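Protein sequence lines, in the order shown, are assigned to chains A and B. Just so you know, full-length UniProt numbering puts 119 at position 119 of the first sequence, and the rest follows in order with no gaps. Just so you know, full-length UniProt numbering puts 96 at position 96 of the second sequence, and the rest follows in order with no gaps. Heads up, the beta-carbon is just placed ideally off N, CA and C, and yes, glycines get one too. Quick caveat: nothing in here was measured; it's all calculated off a predicted structure.
There are 2 protein chains.
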Amino acid sequence: MRWEELDQQPCSLARTLAVIGDRWSLLILRDCFLGIRRFDQFEDRLGITRHILADRLKKLVEHDVLRKVPYQERPRREEYRLTDKGLELHPVLMAMVHWGDRHMADERGAPVRHIHKGCGQAMTPVTVCSECGEPVNARDIRVEAGPGWESAGVLPHSS
Amino acid sequence: MRWEELDQQPCSLARTLAVIGDRWSLLILRDCFLGIRRFDQFEDRLGITRHILADRLKKLVEHDVLRKVPYQERPRREEYRLTDKGLELHPVLMAMVHWGDRHMADERGAPVRHIHKGCGQAMTPVTVCSECGEPVNARDIRVEAGPGWESAGVLPHSS
DNA sequence: GATAGTTGGTTCCTTTATGGAACTTGTCAA
DNA sequence: TTGACAAGTTCCATAAAGGAACCAACTATC
Numbered sequence: 001m002r003w004e005e006l007d008q009q010p011c012s013l014a015r016t017l018a019v020i021g022d023r024w025s026l027l028i029l030r031d032c033f034l035g036i037r038r039f040d041q042f043e044d045r046l047g048i049t050r051h052i053l054a055d056r057l058k059k060l061v062e063h064d065v066l067r068k069v070p071y072q073e074r075p076r077r078e079e080y081r082l083t084d085k086g087l088e089l090h091p092v093l094m095a096m097v098h099w100g101d102r103h104m105a106d107e108r109g110a111p112v113r114h115i116h117k118g119c120g121q122a123m124t125p126v127t128v129c130s131e132c133g134e135p136v137n138a139r140d141i142r143v144e145a146g147p148g149w150e151s152a153g154v155l156p157h158s159s
Numbered sequence: 001m002r003w004e005e006l007d008q009q010p011c012s013l014a015r016t017l018a019v020i021g022d023r024w025s026l027l028i029l030r031d032c033f034l035g036i037r038r039f040d041q042f043e044d045r046l047g048i049t050r051h052i053l054a055d056r057l058k059k060l061v062e063h064d065v066l067r068k069v070p071y072q073e074r075p076r077r078e079e080y081r082l083t084d085k086g087l088e089l090h091p092v093l094m095a096m097v098h099w100g101d102r103h104m105a106d107e108r109g110a111p112v113r114h115i116h117k118g119c120g121q122a123m124t125p126v127t128v129c130s131e132c133g134e135p136v137n138a139r140d141i142r143v144e145a146g147p148g149w150e151s152a153g154v155l156p157h158s159s
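1) Would you call the CB atoms of A14/A and D7/A closer than 9 Å?
2) What are the residues in the segment 131 to 144 of chain A lying within 7 Å of chain B by C-beta distance?
3) Determine the direct distance from the alpha carbon of P91/A to that of V69/A, and round the result to whole angstroms.
4) Taking the DSSP output, what are the residues bridged to M123/B?
5) Would you call the CB atoms of P135/A and A95/A closer than 9 Å?
6) Can you tell me which of the three DSSP states L13/B falls into?
7) Quick one: is E88/A near chain B, going by C-beta distance under 9 Å?
8) In its own chain, which residues sit with a C-beta less than 6 Å from the C-beta of V19/A, not counting the 5 before and 5 after it?
9) Counting Cβ pairs closer than 8 Å, one from the segment 106 to 125 of chain A and one from the segment 104 to 117 of chain B, do we hit at least three?
10) Along the chain, where does the beta strand (DSSP E) containing E43/B start, and where does it finish?
11) What residue from K85/A, A110/A, D101/A has the CA that sits closest to G100/B's CA?
12) Could you have a look at A95/B and say whether DSSP puts it in helix, strand or coil?
13) If the cut-off is 8 Å on Cβ atoms, which residues from the segment 69 to 94 of chain A count as contacting chain B, listed in chain order?
14) Hey, residue 177/A and V65/A are a contact pair by Cβ (cut 8 Å); roughly how many whole angstroms apart?
15) In the DSSP output, which residue or residues are listed as bridge partners for L66/A?
16) Assuming E5/B and M123/A make a contact with CB atoms under 8 Å, what is their CB distance in whole Å?
17) What does T124/B reach in chain A if we use C-beta pairs closer than 8 Å?
18) Please report the straight-line C-alpha distance between P147/B and V128/B, rounded to a whole angstrom.
19) Listed in chain order, which residues of the segment 23 to 40 of chain B have Cβ atoms closer than 7 Å to some Cβ of chain A?
20) Cα-Cα, which of C119/A, R139/A, R67/A, Q72/A is closest to W118/B?
21) Have a look at R37/A, Q121/A, Q41/A and flag the residue whose alpha-carbon is nearest the alpha-carbon of Y71/A.
22) Which residue marks the beginning of the beta strand (DSSP E) containing I141/A, and which one marks its end?
23) Counting contacts by CB-CB distance shorter than 9 Å, is H98/A in contact with chain B?
24) Quick one, are the C-beta atoms of F33/B and L57/B less than 9 Å apart?
25) On the premise that F42/A lies in contact with I52/A, defined as a C-beta separation below 8 Å, what is that separation, rounded to the nearest angstrom?
26) Does DSSP put V19/B in a helix, a strand or coil?
27) So, is Q121/A buried or exposed, given that buried needs 16 or more other C-beta atoms within 10 angstroms?
28) If the cut-off is 8 Å on Cβ atoms, which residues from the segment 51 to 63 of chain B count as contacting chain A, listed in chain order?
29) If you run the structure through DSSP and keep just helix, strand and coil, what is R77/A?
30) Just the C-alpha distance for A145/B and A110/A, rounded to the nearest angstrom, thanks.
31) Taking R142/A as the reference, which of G35/B, R76/B, R77/B has the closest Cα?
32) Among the residues of its own chain, which have a CB less than 6 Å from the CB of S25/B, if the five just before and after it don't count?
33) On the CB-based measure, 16 or more other CB atoms within 10 Å of its CB, does L17/A come out buried or exposed?
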């Protein structure tokens with residue numbers, strides 16, 4: 001499978017990876033969630049080369065995850081902001097950060113804390129079932145073919 | 001920043017990406033969660049080249065996300081299974097699949113349904129606060145420096 | 001009015017990673 | 001003794017990323 005074919009797969013994970021599944025896109029998005037908006041800020045913080053940064057920002061704009069917003073005219077300058085579609089990637093980032101905190105942190109502990117404005121406490125993300133509200137983990141879920149399924153593969157067993 | 005330096009960063013997202021942040025690792029893990037365990041099954045389903053597959057499996061084993069379990073002797077054959085650390089990546093995968101279902105699905109809808117064994121219903125993952133149990137989204141969270149922070153960057157503002 | 005600085009890129013060339021196909025190793029079965 | 005199977009490894013061609021320099025449209029300074 002070539003990289004460009006990814007978003008044609010009947011798999012939402014593959015299609016998501018077509019947008020954010022490379023080295024840099026998630027680090028760019030992390031910085032977006034921290035309030036970074038301008039080309040040179042991304043460059044400074046990430047240590048990414050300029051043409052790869054330009055390419056990734058362009059791709060994220062094409063996928064409607066970021067949008068360019070002018071902040072001055074003459075010379076025209078634009079900054080990059082998360083769209084609603086981009087903001088909805090927050091659970092993905094939170095889940096990854098939480099896993100990193102648990103399994104990849106050094107002796108000093110988690111680098112950042114997430115404060116829930118609603119209750120004012122340092123929180124970790126918990127994934128719950130949309131229907132019953134109970135926490136779910138891998139073993140609580142059974143997978144079955146949905147409406148968009150085409151038999152381009154077979155579910156080997158319902159884990 | 002080089003790829004190998006990623007896991008030295010004081011950022012749990014970067015460290016997580018050092019493990020699962022490449023083209024193939026998440027697709028391999030998707031298949032692991034579907035019950036795939038053997039080298040040739042991964043190869044058939046993913047269309048990945050053999051030496052990249054071997055490399056990624058090795059890396060995932062080194063990071064204790066998968067482990068090799070012998071299933072026959074003479075000739076010795078081993079399969080790959082998720083460790084507990086690997087199983088804890090489930091929320092990451094669920095969040096990505098859910099985002100793909102919402103934003104990247106074609107007209108036929110989501111390719112797979114996730115049934116919560118606990119309540120028997122088709123569910124979507126909802127991220128809630130570990131402290132108060134309320135659903136959280138990007139705008140509900142304020143970020144502050146935690147114990148593992150070192151000033152290798154500055155939080156630009158508390159989004 | 002020439003020179004330098006700022007922002008947001010692009011171009012060119014080198015290094016690294018990936019794709020594709022063939023080869024290897026240990027074993028069993030015909 | 002030939003063939004098949006599972007799980008890799010090796011070799012070479014192509015694609016992607018790193019690094020540095022250059023460009024364009026202004027503004028500010030000397």
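The relevant details are as follows:
1) yes
2) E131, C132, E134, V136, N137, A138, D140, I141, R142, V143, E144
3) 24 Å
4) H114/B
5) no
6) helix
7) yes
8) H63
9) no
10) Note, E43/B: premise wrong, no beta strand (DSSP E); alpha helix (DSSP H) at 39 to 46.
11) K85/A
12) helix
13) L82, K85, L87, E88, L89, H90, P91, V92, L93, M94
14) In the structure as shown, chain A starts at 1 and stops at 159, and residue 177/A therefore has no counterpart that could be examined.
15) L82/A
16) Contact doesn't hold; Cβ gap of about 29 Å is too wide.
17) S130
18) 23 Å
19) R23, L26, L27, R30, F33, L34, G35, I36
20) It is Gly, not Trp, that sits at residue 118/B in the sequence shown. Closest by alpha carbon: R139/A.
21) R37/A
22) 141 to 145
23) yes
24) no
25) Going by Cβ atoms, the distance from I52/A to F42/A rounds to 11 Å, so no, they are not a contact pair.
26) helix
27) exposed
28) none
29) strand
30) 9 Å
31) G35/B
32) R56
33) buried
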